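Numbering-wise (my numbering), the sequence shown opens with residue -12 and increments by one.
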Amino acid sequence: MKFQKISRRKFIASVLLATPCAVLGEAKLVEPTWLKIRHQRFSDKPAHRFVHFSDLHHKGDCGYLESVVKTINTLAPDFVCFTGDIMEQEGFLMEALGILSGIKSPMFGVPGNHDYWSKISFEPVSKCFAATGGAWLLDERREIAGGKVNLVGVTCSRANQAEVALNPRAKNILIMHYPAWVKKLGDQKFDLMLAGHSHGGQVRLPFYGAVVVPFSVDEYDMGLFQTPAGPLYVNPGIGYLSGFDFRFNCRPEITVIEI
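This is how it looks when you write it as structure tokens:
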């Protein structure tokens, strides 16, 4: 069989043409549901192991959300923290809660901006989280893990955070939706803070980072940051915004945390 010889110029042109198509295909068809498990350890001898996930933005893809719940259950965490944005439209709420109710560990969470913007009732959300042994925290705290963890949840409804009751005999963990609100905590110190909202930018360019991030993110776009209030971990989320169903170099993430 004879092969047609291709010039170097044509070869380079074909590669340059194919590369954007491959990148676009991955960003559209692969990465949005290519779930990643990341591990973060905050102690040499951790006493607690839990899961952090965020920003479901559920739009009806039940199979994907069920796979998220199955993965969380496989990890068998002591408890689960969710940092906001269950969905964008009220019509998807009960479907999302029905699937989330399958989580087999106590699940604690706070609302995100889309949970407010969609004008959902928080009553069924509270019932769902409580049924797992956890709670939907609206500027509240819970002492969990036999009193060894003081979990504080703050909402998006206050422009400034009030003083919260810290427990010097426990690990003080703060969950919130907006990462930039770490700057509103004054002199308070936490062992760990968790946030979402940023989606990691969804599209991250090599050697550059996120192309664009939402409001109330600032420099805290994804991953671990050391701040005056303590370590902050920003989860890149599970879902994506309506009309922007792409992820590139920014896979959806379940974070396993040991502290």
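In this text, a Cβ means the ideal position worked out from N, Cα and C, and glycines have one as well.
Keep in mind that this is a model prediction, so the values were computed, not measured.
Would you call the segment 183 to 199 and the segment 221 to 228 in contact, with 3 or more CB pairs under 8 Å? Contact holds: three or more Cβ-Cβ distances are below 8 Å.
Using a Cβ-Cβ cut-off of 7 Å (strictly less than) and excluding sequence neighbours within five positions of F(-2), which residues of its own chain qualify? Per-residue confidence for F(-2) stands at a pLDDT of 44, beneath the threshold of 50, marking its modelled position as unreliable; the derived number appears in the next sentence. If we look at F(-2) and ignore the five residues flanking it on each side, it has no Cβ neighbours.
Using a C-beta cutoff of 7 Å, does D31 count as contacting chain B? Note that chain B does not occur in the displayed structure, where there is just one protein chain.
So the candidates are D65, K106 and S144; which of them puts its Cα closest to the Cα of P93? Comparing Cα positions, the closest option is D65.
Let's see if you can read the secondary structure: which residues bound the beta strand (DSSP E) around M74? No beta strand (DSSP E) contains M74, which DSSP labels as neither H nor E.
Look at the alpha carbon of K114 and the alpha carbon of V198, and state the distance between them as a whole number of angstroms. When rounded, the distance between both Cα atoms is 38 Å.
Enclosing alpha helix (DSSP H) for I86 [first to last residue]: L80 to L87 is the extent of the alpha helix (DSSP H) around I86.
Inspect the beta-carbon positions of I246 and I24 and report whether they are closer than 7 Å. Taking the C-beta atoms as reference points, I24 is found no nearer than 7 Å to I246.
Within its chain, find whatever has a CB closer than 8 Å to the CB of P111; leave out the 5 residues flanking it on each side and keep chain order. Once the five neighbours on either side are set aside, the close Cβ partners of P111 are L80, M81 and L84.
Need the endpoints of the beta strand (DSSP E) that K158 sits in, please. Run containing K158: K158 to I162, per the beta strand (DSSP E) assignment.
Can at least three beta-carbon pairs, one atom from the segment 164 to 172 and one from the segment 113 to 131, be found at a separation below 8 Å? No, they do not touch.
Considering only the alpha carbon of each residue, which of H44, E53, V55 and F40 lies closest to G96? Here the closest residue by C-alpha is F40.
To the nearest angstrom, report how far apart T214 and S105 are at their CA atoms. In this structure, the straight-line span from the alpha carbon of T214 to that of S105 is close to 32 Å.
Is the separation between the beta-carbon of H101 and that of E75 shorter than 7 Å? Yes, these two residues count as a Cβ contact at 7 Å.
Where are the beta strand (DSSP E) runs, 3 residues long or more, that stay fully inside the segment 167 to 245, in chain order? Those beta strand (DSSP E) runs which fall completely within the segment 167 to 245 and span 3+ residues are 179 to 182, 210 to 214, 217 to 221 and 240 to 245.
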